[in-house]
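Scroll down for the structure; my scribbles are underneath it.
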Amino acid sequence: MKKVITYGSFDLFHEGHYRLLQRAKALGDYLIVGVTTESYDESRGKQNVVDPIMERIEHVKQTGFVDEVIIEDHVGQKIEDIQRYGIDIFTVGSDWTGVFDYLKAYCQVVYLERTKGISSTMLREKNYGIVRMGVIGTGRIAHRFIPEARYVSGSNVESVYHPKLEKARAYAEKFELNHCYDDLDGFLDSVDAVYIASPHETHGEYIKKALLQKKHVLCEKPMFLAKEEAESLFSLAKQEGCVLMEGIKTAYCPGFVQLLGIVRSGVIGEVRDVEACFTKLEKPDSRELNDPIYGGSFTELASYPLLAVVKILGKECRDIRFEVFRNEKGIDVYTKAYLRYENSLATVKVGLGVKSEGQLLVSGTRGYILAEAPWWKTRTFETRFEDNSLNEKYFSKYLGDGLRYELSNFVSTINGTNKKSGRLPGEESIWIAERMERFLNEEKRQWNRK
Ligand code: CTP
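Residue 319 in numbering that gives the first Met the number 0 is what sits at position 320 of the sequence shown, and the numbering runs on without skipping anything.
Set out below in structure tokens:
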């Protein structure tokens, strides 16, 4: 009996898939199809797969060509499968020509001609349209956004807004965008959704204007510095039927999501302590170290560690206390926040003028998790125990600058196809905003900060 194997995502099952499976079956007597898991697709840079895996498997089975379906979830699996199932022929579409030649050491490799004019990517775009995106602000993070956005299908960045037209124009030229604006209404008219990367204190105003024109909003962190503003704009988003999401990229990246899953599984017991640190040295003349109202390490960096705290310990924080080192202008260059919960503690440590180890440590009654620096781009972490033979290391991909994860989540939420909703719910952004407000108020009270 001649055994054939092929692999794919088979998302939004289409004629190209059908014809591929038909010809694959005709190559032998027994056809095995490996269907990719969502996390494997994500790790190889394929964002926005729409159909859940069980549906994709069902569609593959319904063709009647397939004798056995298996799951593909890691790199290197193809060789394992070929050996395990005694495969004679590996086949795949001609878009992969050459890529799988290394399998010739194990079996015959056949590239079947791809059916022209159809793909899952095309169907996703046809079914859900393209979300036309615009960028507000042209600073450092905005420069990272466009190269990342190119990895997310279903969206296209078309325009940029900056109150100074020359800045908007320079950005549009650099990234080959169609339009640049210094007129906010004109800009908002030209897009379906905006990515806000302007200074912190301008977020609220831009968010409000965008929502009132029924535009979806993805906003850089910290999205808000006050609870009331956060609450009122989340309720405005609901009222206008728009998506409003905070761009704390860690919340959406696969490694951090896996870490949270392990914490929740109880492997390390009851969590009693979370310690999260993020430091980033800035030049003395930087905006972060000179803006007397909104500058400083807490507003600039604490979104990440606060995210870890609220994700792991929840919102029922009883108390928060700060210890601060300030520069000669009264701006915090190193801050520790101590949070107290009913049964646990947390420490948030941030610095623009002090460098420390950027790790996340989650301590429980049975063991602990250590996520190495930079934990906010979670790639590796370890569960550790008294009996260290039980320690286990976890590895995850974190592609590029990581903004692609939040953007793909944003786009699929707009399209109503998000299978990973709840990665950063509004209440958690509101909770973070409240801690920022507490910090700023205390600084005002004690140090006459403006
Ligand atoms: N395939 C094909 N003809 C097409 C589309 C896909 O023969 N028009 C083949 C691929 O070459 C692969 C299999 O079908 O062997 C599964 O492909 P998959 O990547 O799931 O489908 P695509 O439509 O290419 O998906 P995407 O657009 O998301 O890359």
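For each residue, glycine too, the CB sits at the ideal point set by N, CA and C.
Since the model is a prediction, treat every value here as computed from it, not as a measurement.
For the set A345, Y29 and T35, the Cα lying nearest the Cα of G85 is the one of Y29. When the beta-carbon positions are compared, T36 and I52 come within less than 7 Å of each other. Remark: C-beta atoms of D191 and V130 approach each other more closely than 7 Å. Per DSSP, reduced to three states, the secondary structure at K213 is coil, with no helix or strand assignment. In terms of Cα proximity to Y6, the closest of D80, A275 and M0 is D80.
Looking only at M132, V193, W374 and C241, the smallest Cα-Cα distance to Y303 is reached by W374. The beta carbons of T278 and K354 sit closer together than 7 Å.
Pairing I292 with D331, the inter-Cα distance amounts to about 11 Å. In the structure shown, L280 adopts coil according to DSSP, grouped into three states. Listed in chain order, the non-local C-beta contacts of D40 below 6 Å within the same chain comprise S8 and V48, local neighbours out to five positions each way being set aside. Counting only runs that start and end inside the stretch 50 to 84, the beta strand (DSSP E) elements of at least 3 residues fall at 67 to 71. Between the stretch 263 to 278 and the stretch 300 to 314 there are three or more inter-stretch CB-CB distances shorter than 8 Å, so the stretches are counted as touching. Distance from the Cα of G294 is smallest, within the candidate group L210, I195, V193 and G352, for G352.
Between the stretch 217 to 236 and the stretch 433 to 444, the count of Cβ pairs shorter than 8 Å is three or higher; the stretches touch. At least one heavy atom of ligand 1 is found less than 6 Å from the C-beta of T120. DSSP places M132 inside the beta strand (DSSP E), whose first and last residues are V130 to I135. For V193, the beta-bridge partners assigned by DSSP are G133 and V216. Apart from sequence neighbours up to five positions away, the residues of its chain that approach L176 with a beta-carbon distance below 7 Å are V156, E157, S158 and V159, ordered along the chain. For D331, the three-state secondary structure derived from DSSP is strand. Distance from the CA atom of R43 to the CA atom of C252, rounded to whole angstroms, is 13 Å. If you check the CB distance, V91 and V59 do not come in under 7 Å. By the CB criterion at 7 Å, D318 and R286 fall outside the cutoff. H16 counts as buried, since no fewer than 16 other beta carbons sit within 10 angstroms of its beta carbon. When beta bridges are read from the DSSP output, V361 appears opposite V273 and I368. Boundaries for R149: no alpha helix (DSSP H) harbours it, and the DSSP string shows neither H nor E there. The residue among I140, T62 and R123 with its C-alpha nearest the C-alpha of E219 is I140. Secondary-structure assignment with DSSP links D318 through a beta bridge to R339. With contacts defined as CB atoms closer than 7 Å, L389 and K310 fail to qualify as a contacting pair. DSSP places A171 within a helical segment (H, G or I) once states are collapsed to three. Under the criterion of beta carbons closer than 8 Å, E124 and S152 qualify as touching, at roughly 7 Å.
Contact annotation: L243 and A236 have beta-carbon atoms nearer than 7 Å. The C-beta distance from S428 to E245 rounds to 4 Å, short enough to meet the 8 Å contact threshold. Counting other Cβ atoms within 10 Å of its Cβ, M0 stays below 16 and is therefore classed as exposed.
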